[in-house]
Amino acid sequence: MSNISSMTGYANAKVQTDMGLLSIDMRSVNSRFLDLSFRASEEIRFLEPKFREIISGKIARGKMECRLNLVDSGLSADTALNEEALNKLMALQTQVLKTDPSATALRVADILNYPGIVAAPVPDPEVFAKQVLTGFEECLEVFNESRQREGAALAQVLLNTARRLKISLIRFVRRFL
646 MSNISSMTGY ANAKVQTDMG LLSIDMRSVN SRFLDLSFRA SEEIRFLEPK
696 FREIISGKIA RGKMECRLNL VDSGLSADTA LNEEALNKLM ALQTQVLKTD
746 PSATALRVAD ILNYPGIVAA PVPDPEVFAK QVLTGFEECL EVFNESRQRE
796 GAALAQVLLN TARRLKISLI RFVRRFL
C-alpha cells in the first residue's frame, strides 16, 4: 500500500534556546492548496521566510497554522547585577527619601526590573537561529508523522469499505446469475 498522508495534523514541541523557552505548535486542516499562517514572537519573525521554505519542501497541501512563542526566562548562568547602575539607583533613592520621608522605598522586584540593573549576555543571533530552526524541523517531523498515522488509518477505512462493497457486489451479481 502506498504511503498516504492526511492533510490534517498536529504537533507541538518545546525548545530551550539562548533567549528562553520556545514553544512551537503546528496544526493543519484540509485545503486544496498549501496555505501557511504564522504567529510568532517578535524575536523569531525574521525566520518566517525560512520556516515557509522548510514547510514547502515537505508539505504540498493543507491550511497550516504555526505558532511560535518565546518566553524569556530573564535569567541565565551569565546574568549579573550591574553594580554601578545599582549604586546610582540606590543613591538616587536615598536622596528622594531624604527629600520626602513619606516616599516608599524600592522593593527588590522594582530594583531588578529597573532598566540597566540586570546585565544579561546578548545571545549570538546565528546560534539562536540554528536552535530555533532545529526545533522547528523536529516539530515538523512529528507533525508529518501524525499526518502519516492519520493517513494510514484513513486508508484502512477505505480498504475495509472497498472490501465490503466488493462482497456486496459479488452477492448482488450472484443473485442474478
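Mapping the sequence shown onto the working numbering, position 20 (from 1) lands on 665, and the numbers just tick up by one.
Just so it is clear, CB atoms sit at the ideal spot from N, CA and C, and this is done for glycine as well.
In this structure, the beta-carbon distance from S676 to K708 falls below 7 Å. Contact between D663 and P768 holds, since their C-beta atoms are separated by about 4 Å, short of 8 Å. If only uninterrupted alpha helix (DSSP H) runs of at least 4 residues are considered, none is enclosed by the region 662-699. Of R794, E729, S747, the smallest CA-CA separation from T653 is found for R794. The DSSP-derived three-state label of A748 is coil. The C-beta of A798 has fewer than 16 other C-beta atoms within 10 Å across all chains shown, which makes the residue exposed. Contact annotation: S747 and A656 have beta-carbon atoms that are not nearer than 7 Å. One thing to note: L681 has its Cβ no nearer than 7 Å to the Cβ of L715.
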